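In my numbering, the protein residues as written are 2 to 245. Down below is the structure, laid out as C-alpha cells.
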C-alpha cells in the first residue's frame with residue numbers, strides 16, 4: 002500500500018489512523034467502528050510488518066520532520082519542556098529530544114530504518130492492544146497472519162534507570178510570552194505511589210477547577226495557562242508544574 006492507499010482505505014471506513022513516539026515506546030494506532038475493525042487492523046499490521054520505506058518517501062518525510070523541529074524551537078512551551086528533560090535526565094536516553102536534531106534526521110536512510118525495526122520490532126518488545134466491541138477470533142487471526150513467523154530474539158526490554166539532576170536553566174529568546182517549568186522527581190509506573198501522584202496532580206493543576214488554576218490564573222490573573230503533570234516511565238518519573 003502507498004501512503005495514498007492507506008489514507009483512502011481508512012477514509013472509506015471512516016477510521017482514524019495515527020502514530021506517536023514517547024520516550025520509551027513507539028505506538029501505531031487506529032480507531033474505527035466495530036464492524037470495520039478487521040480492515041483497520043489489517044492496514045495497521047501491514048504498515049508495521051511490511052513498510053515500503055521508499056527512498057523518495059523517506060527524503061520527503063525528513064523534510065517534514067525538520068520543519069517540525071523548527072516549529073517546536075519557535076514555541077516557548079515545547080522549548081522549555083525539551084530543555085527541562087535534557088537537564089534533569091542529563092546523560093540518559095530519557096533526556097534526549099524525541100524529534101532528534103537536524104543532524105540525526107539527515108542521517109536517516111532506508112538501511113538505518115530497516116536495521117532499527119529488525120532490532121526493536123521483535124515479539125518480546127511488542128504489545129498489541131485492542132479494546133471495544135470486536136470479534137476477538139478475527140482479530141487474533143489477523144495478528145497471527147502478520148506476526149506468527151516472528152521469533153523472539155533474546156533482546157528483552159531493559160528499562161532505563163536515571164538519576165535526577167537539579168538545575169536552573171534560563172533560556173533567552175524573543176518570545177512574547179515566558180514559559181516556566183518547576184519539576185520534581187516523580188514515581189515510576191507500576192508502583193503503589195502512581196495513583197496517589199496522579200490524584201495530587203489532578204487536584205493541583207489537572208482541570209480548570211484545580212487549586213493552581215483557580216488561584217494563579219482566575220484569582221490573581223498572573224498566567225494564561227497553568228497545569229501539572231505526573232509522567233511515569235518504567236523505572237523513573239517526573240512531576241511538573243508548567244505555566245505560561
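Backbone N, C-alpha and C fix where the C-beta goes; we use that ideal spot for every residue, glycine too. As the structure is a computational prediction, the values presented were derived from the model and not from experiment.
Residue i in three-state terms, based on DSSP
{"i": "residue 185", "result": "strand"}
{"i": "residue 223", "result": "coil"}
{"i": "residue 31", "result": "strand"}
{"i": "residue 208", "result": "coil"}
{"i": "residue 250", "result": "Outside the displayed range of the chain (2 to 245) lies residue 250, so it cannot be described from this structure."}
{"i": "residue 22", "result": "strand"}
Proximity of residue i and residue j at Cβ, strictly below 9 Å
{"i": "residue 235", "j": "residue 124", "result": "no"}
{"i": "residue 46", "j": "residue 144", "result": "yes"}
{"i": "residue 202", "j": "residue 231", "result": "yes"}
{"i": "residue 32", "j": "residue 21", "result": "no"}
{"i": "residue 213", "j": "residue 192", "result": "no"}
{"i": "residue 133", "j": "residue 38", "result": "yes"}
{"i": "residue 164", "j": "residue 93", "result": "yes"}
{"i": "residue 172", "j": "residue 81", "result": "yes"}
Span of the beta strand (DSSP E), counted from its first residue to its last, around residue i
{"i": "residue 233", "result": "227 to 233"}
{"i": "residue 244", "result": "238 to 244"}
Boundaries (first-last residue) of the alpha helix (DSSP H) holding residue i
{"i": "residue 64", "result": "56 to 74"}
{"i": "residue 52", "result": "Unbroken run through residue 52: none, as it is neither H nor E."}
{"i": "residue 85", "result": "77 to 89"}
{"i": "residue 36", "result": "First-last for residue 36: undefined, no H or E at that position."}
{"i": "residue 5", "result": "4 to 13"}
{"i": "residue 1", "result": "Because the chain is modelled from 2 through 245, residue 1 falls outside the range shown and cannot be assessed."}
8 Å contact criterion, which residue i and residue j should meet: CB distance rounded
{"i": "residue 166", "j": "residue 89", "result": "6 Å"}
{"i": "residue 204", "j": "residue 218", "result": "Not really, about 16 Å apart at Cβ, beyond 8 Å."}
Inset, instruction - May I have a chain-ordered list of the alpha helix (DSSP H) segments no shorter than 4 residues that lie completely inside the region 135 to 202? - result: 137 to 148 and 195 to 202
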